[in-house]
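The sequence shown lines up with residues -21 to -1, 1 to 478 when you count with mature numbering (1 follows the signal peptide of the UniProt record, and there is no 0).
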Amino acid sequence: MRLPEIILLLVSCNIHSFGNATKGIAAITQLTVQPLVEKLQIQWTPGNNGTPVEEFRVVLFNETKLLQNLSVGIQTNMTVDIEPCLSTTVQVCGINKKHGLRDCIYATEKSLPESFPAVLIFSIKNTPEVLGQLLNWSVVEPVNENCDPYYEVTYTDNIKGFERVNTKDMFLQTFNLPQGTLIQYTVRLVCRNSSVTGNETSVTLETEPPIEPNRRYFVVRPFDTHLQLLWNSSQKAKDFLVGYVNDAEEEKFYPSNTQTWIDLNVKQQCIPSIVWIFALKDSTQPSVTTTVATQLPGNFSRSPTDVRVFPDCGSLNVTWKLESHKDYLVQYYEVKLIESRTGIVTIKNISGMWYAFVNGLKCDAPYIVFVTAINACGRSFPTNPVHVMARKEVKPNDTKSLNLTVTTNQLVVKWVREQPTYVDVVYEVHLQQMNSSSTEADEFVSVRHNEVKFERLSPCMNYSVGITVKNPFGLSSEVVESARTRAPGTCVNMNDVVV
């Protein structure tokens, strides 16, 4: 249902209610909507100033669509599942079969997201080229984008006090910090569309002492939208000329005399550029400083490694690693599974993580697994293939008991199959004539069912039967029973079966 239709529905409901207001349906006096985790708890209070309401209707909608339209009888509360952080309007109307729809009551609320994951600060280092520090962090799991998440970073020193920065990036570069001073950073995950916040994580690092007057720093950091230059030079150098050149274009810029960094918006992501800086009117360092950099994502020079697959019945958990490199950015990973028997291909794209759970596979089917890193500049080579069966790696249990039935020259062995189907077992049955040094009478049989018949046996002989259960992941212990074949005619003073 489109938004104009929702509005038309609500308007028509109100027109109907106004027309019947004089007929005395008791109005709803209070509506309370309590936000819960991915739910809304709705409660309303019927009025007692008119004809009782015979039925309540609850409608939930947001700015773009109708979510639910429910008839709830005479109950006065309910709990509904709602996607978190989206502003949801709740309308409750009273209905009387004779008088129709009474004036509706409204309330707007947002359900809460699950608790935010902790922020993990994995690196902090000094960047003397800009008299600052570079902080990097990550989260252990993604956050619902409906909540419009961002990171609130506060950094404090004992000279300037504290500063607060809000960013959607997972890094922060600070500039012009007091040198030789301890700086404390506090990072937490915050949601613009909810009151939920994550736990704070803090780290401290002392800035480097003031740099030598004639020492020059020059660093290029690649990003997916630009190349960032950061520099610092002798105190005599106030004016700089910076630029870049590649096979497709070249540009140069004159930063202001107080600027120590610049973002170069290189148009070609996937080709290397020569980046240079020249300090004007600096007799101590008149030469040009250059370096080569590629704007992210960059071309891949290596593939993911250490691919591991953990199988289950009808699913696979795949993990891998990729050595980080400053000159390329992975936009997503492609996990490809090929079923060996049918050639059916299953592909799952994963962004921001080094693992994938792939379900909906055939239990016990064989698969070949590849992982490829992908970005706008191309694909890495796929990893070496990993061959695996989509089943649990479970060692079979021992067979609990054997049932032996004998005749003159036959012995039938039966047992109860208690193994789950995903264990994929084979039963190995070993028949041996007892009290005999010869092995010619031994027989070995491998079967998948639970019954074996041995024929053309010698009468009045003792035999032992052993059974072992195995699969590709292990072998059970052997269970052994014994029996004696019958003699032709009538046996005198002879036990037919010996256990």
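We put the beta carbon where it would ideally sit given N, CA and C, even for glycine. On a predicted model such as this, the values are computed, not experimentally measured, just so you know.
Query: DSSP-derived helix/strand/coil call for Val245; Result: coil
Query: Beta-carbon proximity check, Leu206 vs Leu243, cutoff 8 Å; Result: yes
Query: Same chain only: Cβ atoms within 6 Å of Trp394, ignoring 5 sequence neighbours per side; Result: Thr378, Leu381 and Asn429
Query: Nearest-angstrom Cα separation, counted from Leu65 out to Ala(-1); Result: Reliability fails at Ala(-1), whose pLDDT of 40 lies under 50, so the model's placement of it is uncertain and the value that follows must be treated cautiously. Going from the Cα of Ala(-1) to the Cα of Leu65 covers about 33 Å.
Query: Burial state of Ala227 (16 or more Cβ within 10 Å); Result: exposed
Query: 7 Å CB neighbourhood of Pro14 in its chain, flanking five on each side removed; Result: Glu88, Lys89, Ser90 and Leu91
Query: When Ile100, Val16, Tyr130 and Val175 are compared against Asn145, the one with the closest alpha-carbon; Result: Tyr130
Query: Alpha-carbon to alpha-carbon, Leu184 and Phe101; Result: 13 Å
Query: Closest residue to Met332 among Trp299, Glu230, Asn172 and Thr321 (Cα-Cα distance); Result: Trp299
Query: For Glu457, three-class secondary structure by DSSP; Result: coil
Query: Contact set for Tyr164: own chain, Cβ-Cβ below 6 Å, skip 5 residues either direction; Result: Leu114, Tyr134 and Val182
Query: Sequence-distant residues of the same chain with beta carbon closer than 6 Å to residue 481, five excluded per side; Result: The shown model of the chain, from -21 to 478, leaves out residue 481, and the question about it has no answer.
Query: Pairwise C-alpha distance: Thr269 and Val245; Result: 16 Å
Query: Limits of the beta strand (DSSP E) - the one that Thr386 falls within; Result: Looking at the DSSP string, Thr386 is not in any beta strand (DSSP E), and its letter there is neither H nor E.
Query: Sequence-distant residues of the same chain with beta carbon closer than 7 Å to Glu120, five excluded per side; Result: Pro96
Query: Spatial distance of Pro467 from Gln389 (CA atoms); Result: 12 Å
Query: Leu220 versus Ile138 - alpha carbon distance; Result: 33 Å
Query: Alpha-carbon to alpha-carbon, Leu454 and Ala462; Result: 25 Å
Query: For Leu110 and Phe154, believed in contact at Cβ under 8 Å, the rounded distance; Result: 7 Å
Query: Beta-carbon proximity of Gly73 to Val32, cut-off 8 Å; Result: yes
Query: For Pro399 and Cys356, the rounded distance between their alpha carbons; Result: 48 Å
Query: Exposure of Thr284, with buried meaning 16 or more beta-carbon neighbours within 10 Å; Result: exposed
Query: Those residues which DSSP pairs with Trp333 across a bridge; Result: Per DSSP, none; premise fails for Trp333.
Query: Cα-Cα separation, Glu42 to Thr68; Result: 9 Å
Query: Closest Cα partner of Val59 within the set Asp136, Thr204, Val431 and Lys18; Result: Lys18
Query: Length of the line joining the Cα atoms of Ser425 and Arg320; Result: 24 Å
Query: Which listed residue (Glu124, Gln22 and Ile162) has its alpha carbon closest to that of Glu62; Result: Glu124
Query: Nearest residue (CA-CA) to Ile53, options Glu34, Lys44 and Gln47; Result: Glu34
Query: Beta-ladder partner(s) of His366, from DSSP; Result: Ile347
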